[in-house]
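Heads up: the structure comes next, in structure tokens.
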Amino acid sequence: MLGDVIRGAARQEVAGALGSGNSDLLVKGSPGQGIWAEVPWLSVFDPLVTRTATQGYYVVYLFHARERLVHLSLNQGTTEVLREFRGSANQVLTERAVFVRRRLADFAPRLPVHAIDLGSDRPLPSGYAAGHAMGMTYRSGAMPDETTLRHDLQTIVAAYRALTFRGGLTTSTSSSPDEGPTDLLEERRYRMHRRIERNPHAARRAKQHHGIRCQACDLVMAERYGSPGEDFIEVHHLRPLASLREGEPVRYDVATDFAVLCPNCHRMIHRMADPSDLDALREVLHATS
Ligand SMILES: [Zn+2]
Ligand SMILES: [Zn+2]
Numbered sequence: 109m110l111g112d113v114i115r116g117a118a119r120q121e122v123a124g125a126l127g128s129g130n131s132d133l134l135v136k137g138s139p140g141q142g143i144w145a146e147v148p149w150l151s152v153f154d155p156l157v158t159r160t161a162t163q164g165y166y167v168v169y170l171f172h173a174r175e176r177l178v179h180l181s182l183n184q185g186t187t188e189v190l191r192e193f194r195g196s197a198n199q200v201l202t203e204r205a206v207f208v209r210r211r212l213a214d215f216a217p218r219l220p221v222h223a224i225d226l227g228s229d230r231p232l233p234s235g236y237a238a239g240h241a242m243g244m245t246y247r248s249g250a251m252p253d254e255t256t257l258r259h260d261l262q263t264i265v266a267a268y269r270a271l272t273f274r275g276g277l278t279t280s281t282s283s284s285p286d287e288g289p290t291d292l293l294e295e296r297r298y299r300m301h302r303r304i305e306r307n308p309h310a311a312r313r314a315k316q317h318h319g320i321r322c323q324a325c326d327l328v329m330a331e332r333y334g335s336p337g338e339d340f341i342e343v344h345h346l347r348p349l350a351s352l353r354e355g356e357p358v359r360y361d362v363a364t365d366f367a368v369l370c371p372n373c374h375r376m377i378h379r380m381a382d383p384s385d386l387d388a389l390r391e392v393l394h395a396t397s
């Protein structure tokens with residue numbers, strides 16, 4: 109079934125093949141028009157990373173221009189890179205793909221295809237060829253069975269999640285000098301936390317739910333800063349950092365897992381013993397006021 113799907117590019121089948129633990133992921137197919145007609149694709153997006161094929165990195169089935177073959181690929185949004193780097197875009201994509209293979213060295217043997225060809229040297233297909241980090245290639249007539257296809261998909265999704273947890277495409281190793289994570293795992297958890305709360309979709313929903321008044325000190329930014337503070341508030345994810353685990357989807361409920369905080373309170377809660385304890389921060393503020 110999934111084999112037909114990949115050939116026929118049906119979205120629901122792929123969504124079903126992801127398995128129950130992956131319902132947060134988005135599956136989208138190529139609209140088959142405009143620039144996208146160059147490379148028909150079917151993608152799996154983690155909304156923490158991207159919701160579109162033009163940017164970020166994601167899992168994608170890419171269909172060869174002429175031959176009956178399809179690549180399952182951990183790849184990158186090429187449009188964004190083309191716009192920024194133009195003539196050297198493919199070099200940037202290649203370097204990033206090498207970086208991803210290094211960051212995911214433990215997955216590379218299980219996703220052994222490390223170079224792909226899409227049969228076209230136009231910008232988009234050659235960008236995808238350059239941006240391919242790891243994956244599998246299937247040929248029509250030699251399609252593996254359903255179980256294998258499903259297993260490959262779940263393996264590459266696990267690699268995708270691991271990449272995000274390990275820092276995505278960013279090499280930066282210290283994103284929070286003053287909050288002071290002491291080891292690699294803590295640092296990864298901290299960066300994951302920041303990624304969750306900076307995610308525009310979740311942030312917007314959290315603001316809709318909680319409003320824009322700081323839930324620790326009651327400040328409304330516009331009341332102190334005027335128009336630059338209009339509608340401004342930061343979003344803080346309340347799940348304890350230690351509970352963030354590589355490979356696990358981030359499940360969150362806007363009502364219970366997020367708070368809105370002014371920038372000062374947000375910085376301070378991250379310096380407290382338990383950054384998920386909003387009541388403790390409130391108590392400190394009451395004690396000192
Ligand atoms: Zn505050
Ligand atoms: Zn936070």
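According to the numbering used here, the sequence shown holds residues 109 to 397 in order. By construction, the Cβ of each residue, glycine as well, lies at the ideal position given by its N, Cα and C atoms.
Every beta strand (DSSP E) of 3 residues or more that sits fully in the region 167 to 191 is shown, in chain order, as 177 to 184. Taking the Cβ of Glu-354 as the reference point, every heavy atom of ligand 2 lies at 7 Å or farther away. Note that the C-beta distance between Gly-355 and Ala-266 is below 8 Å.
A straight-line Cα-Cα distance of about 45 Å links Val-189 and Leu-393.
The alpha carbon of Leu-182 has as its nearest neighbour, out of Phe-193, Arg-191, Val-206, the alpha carbon of Val-206. The set of residues whose C-beta lies within less than 7 Å of a heavy atom of ligand 1 reads, in chain order, Cys-322, Ala-324, Cys-325, Leu-327, Leu-369, Cys-370, Asn-372, Cys-373.
Under the three-state reduction of DSSP, Tyr-165 is assigned to strand. Pairing Arg-302 with Leu-352 gives a Cβ-Cβ distance that is not under 8 Å. Between the alpha carbons of Leu-257 and Ser-196 lies a gap of roughly 34 Å. Listed in chain order, the alpha helix (DSSP H) elements of length 4 or more contained wholly in the region 211 to 252 are 231 to 239. In this structure, the C-beta of Glu-294 stays at least 7 Å away from each heavy atom of ligand 2. For the pair Met-329 and Pro-252, the Cα-to-Cα distance works out to about 57 Å.
Looking at Ala-237, Arg-218, Pro-220, Leu-219, the one whose alpha-carbon comes closest to that of Gly-227 is Ala-237.
The DSSP-derived three-state label of Arg-302 is helix. Around the beta carbon of Ala-311, 16 or more other beta carbons lie within 10 angstroms, which makes this residue buried. The alpha carbon of Gly-319 has as its nearest neighbour, out of Phe-193, Asp-225, Cys-370, the alpha carbon of Cys-370. Where Leu-134 is concerned, the enclosing beta strand (DSSP E) starts and stops at 134 to 137. Looking at the backbone, the Cα of Leu-133 and that of Asp-154 are separated by about 5 Å.
Separation of the CB atoms of Thr-263 and Arg-218 is rounded to 5 Å, and the pair is thereby assigned contact status at 8 Å.
DSSP, read as helix, strand or coil, puts Ser-384 in coil.
Looking at Tyr-246, Val-208, Pro-383, Ala-363, the one whose alpha-carbon comes closest to that of Leu-180 is Tyr-246. In this structure, DSSP gives Glu-342 an extended state, which the three-state scheme calls strand. Here the alpha carbon of Pro-233 sits roughly 6 Å from the alpha carbon of Val-147.
Only residues of its own chain outside the window of five on either side were considered, and among them Pro-357 have a CB closer than 7 Å to the CB of Gly-129, listed in chain order. Taking Trp-149 as reference, the option from Ala-125, Leu-156, Gln-184, Val-157 with the minimal CA-CA separation is Gln-184. In this structure, Gly-276 sits away from Val-200, with a CB-CB distance that is not shorter than 8 Å. In the three-state DSSP reduction, Ala-367 falls in the strand class (E or B). For His-259, the closest of Glu-338, Ser-397, Val-122 by C-alpha to C-alpha distance is Val-122.
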